[in-house]
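Chemist: Throughout the sequence shown, residue numbering follows our numbering, covering 1 to 314 in sequence. Each residue gets a CB set at the ideal place from its N, CA and C atoms; glycine is no exception. No experiment lies behind these values; they were computed from the predicted model shown. I have a structure here, written as structure tokens, and I will follow up with some questions on it.
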Amino acid sequence: MRFALLLFMCMAWWGQSVFAAPQDIKSFIPVKKERLKTDVQALASITPARNYRNVPSLNRSADYILAEFQKLDCAASIQNFAAEDHNYKNVICSFGRKDAERIIVGAHYDVHGNTPGADDNGSGVAGLLELARLINETGPALKHRIDLVAYSLEEPPFFRTDLMGSYIHARSLYDGKVKVKAMICLESIGYFSDEPASQFFPAFFFRWFYPDRGNFVVVVGKWGQGDLVRRVKNNMSRGSGIHVDSIVAPPMVPGVDLSDHLSYWKFGFGAVMVTDTAFYRNPHYHEPTDTIDTLDFDRMAEVVKGLYRAVLDL
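Spelled out as structure tokens, the structure:
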């Protein structure tokens with residue numbers, strides 16, 4: 001037990017200190033928080049809830065996302081797949097050469113149970129859509145192909161199975177021998193709090209190394225992918241006005257593998273999660289109270305600014 005404690009303490013220290021990066025490169029990134037609000041509202045207002053049982057609601061969500069992608073100068077497409085006698089959809093927007101090494105940015109659009117899912121994961125999808133608009137509007141010279149993917153079936157009962165939308169997508173890349181530079185998963189990026197002791201952790205000693213106020217965003221990766229975590233975290237810090245933290249830990253640490261990046265790990269791809277830490281901070285997680293009025297769109301916009309910088313500079 002003492003060895004495990006020491007191990008995790010060292011892990012937390014390493015993640016905190018080695019990954020520290022000054023916000024020394026500021027640039028104007030035209031994120032529009034009004035568009036973030038519109039996207040979250042569009043998804044959170046869909047009834048019945050967009051869970052796996054309500055396929056028409058999931059289809060309405062996919063149609064909304066596809067329509068937003070189709071407004072842009074990107075290759076927009078649907079990846080269909082079947083699960084338990086129903087058809088589900090991943091929605092994809094691609095920028096850049098098809099034969100170039102890829103960066104995948106993904107977020108799931110389904111919800112847990114009968115919840116509106118504003119933070120989990122309307123915020124992630126809104127961030128994905130805004131990132132697509134930024135790439136389209138700024139027209140940067142792309143070193144890589146960028147695939148932005150909105151997934152279905154992240155939530156239980158499909159989580160950790162080969163029927164997750166992200167698993168379907170990751171497997172298609174693996175089977176197609178596609179070169180993937182990195183994957184970034186957006187999982188709940190809109191809930192923040194400045195209240196003392198508003199941030200919780202998987203173990204007590206994390207409090208020695210991380211803020212106790214839930215006013216930051218975290219880049220999460222597993223052991224062996226520290227360089228990727230470092231690059232994403234540092235680039236986000238340079239492009240954003242929000243504090244960006246990071247952690248590199250084994251998947252056994254609760255929360256480290258709890259989203260779509262897990263699917264890419266299964267196929268050997270480098271993948272990280274960007275998150276507000278979900279249930280370690282947000283009391284509305286998987287509750288009917290996960291509504292748009294609980295989100296901080298100013299800070300959420302800063303997260304998207306950082307993501308834009310991270311994706312372009314990987």
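1. Starting from the C-beta of Ala100, find all residues in its chain whose C-beta is less than 6 Å away, skip the five residues before and the five after it, and write them out in chain order.
2. Going by beta carbon distance, what residues of the same chain come within less than 7 Å of Gly221, once the five residues before and after it are set aside?
3. On a Cα-Cα basis, can you pick out the residue from Gly270, Phe269, Val218 and Glu34 that is closest to Asp245?
4. So for Gln79, helix, strand or coil by DSSP?
5. One question on the structure: do Asn215 and Phe201 come within less than 7 Å of each other, judged by their Cβ atoms?
6. On the criterion of 16 or more Cβ atoms from any shown chain inside 10 Å, does Ile65 qualify as buried, or is it exposed?
7. Ignore the nearest five residues each way along the sequence and tell me which others in Asn235's own chain have a CB closer than 6 Å to its CB.
8. Going by DSSP in three states, Ile25 sits in which element: helix, strand or coil?
9. Taking the alpha-carbon positions, what's the Ser166 to Val178 distance?
10. Please go through the same chain and pick out, in chain order, the residues whose beta-carbon is closer than 8 Å to the beta-carbon of Ala82, but skip the five residues on each side of it.
11. By DSSP, does Val355 sit in helix, in strand, or in coil?
12. How big is the Cα-Cα spacing for Glu302 and Ser240?
13. Going by the C-beta, is Phe216 closer than 6 Å to any heavy atom of the ligand MN?
14. Hey, could you find the ends of the beta strand (DSSP E) Ala42 is sitting in?
15. Starting from Thr291, trace the beta strand (DSSP E) in both directions and tell me its first and last residue.
16. Enumerate, from N- to C-terminal direction, the unbroken beta strand (DSSP E) stretches of 3 or more residues contained entirely within the segment 189-251.
17. For His144, which residues does DSSP report across the bridge?
18. Check for me: the beta strand (DSSP E) holding Gly127 runs from which residue to which?
19. For Lys37, collect the residues of the same chain with a Cβ closer than 6 Å to its Cβ; drop the 5 residues on either side in sequence, then sort them by chain order.
Modeler: This is what the structure gives:
1. His144 and Arg145
2. Leu228, Val229, Val248 and Val272.
3. Out of Gly270, Phe269, Val218 and Glu34, Val218 has the C-alpha closest to the C-alpha of Asp245.
4. strand
5. no
6. buried
7. Excluding positions up to five away in sequence, the list reads Arg309, Ala310 and Asp313.
8. Reliability fails at Ile25, whose pLDDT of 44 lies under 50, so the model's placement of it is uncertain and the value that follows must be treated cautiously. Residue state, collapsed to three classes: coil.
9. 15 Å
10. Tyr88
11. Shown here, the chain extends from 1 to 314; a query on residue 355 therefore has no answer.
12. 5 Å
13. As presented, the structure is devoid of all ligands, the ligand MN included, so that no description of it is given.
14. No beta strand (DSSP E) contains Ala42, which is instead part of the alpha helix (DSSP H) from Lys33 to Ala44.
15. That residue, Thr291, is in no beta strand (DSSP E); it is neither H nor E in DSSP.
16. You should have 216-221 and 243-248.
17. Its beta-bridge partners do not exist; DSSP assigns none.
18. Not the beta strand (DSSP E): Gly127 falls in the alpha helix (DSSP H), residues Gly124 to Thr138.
19. Here the set comprises Phe297.
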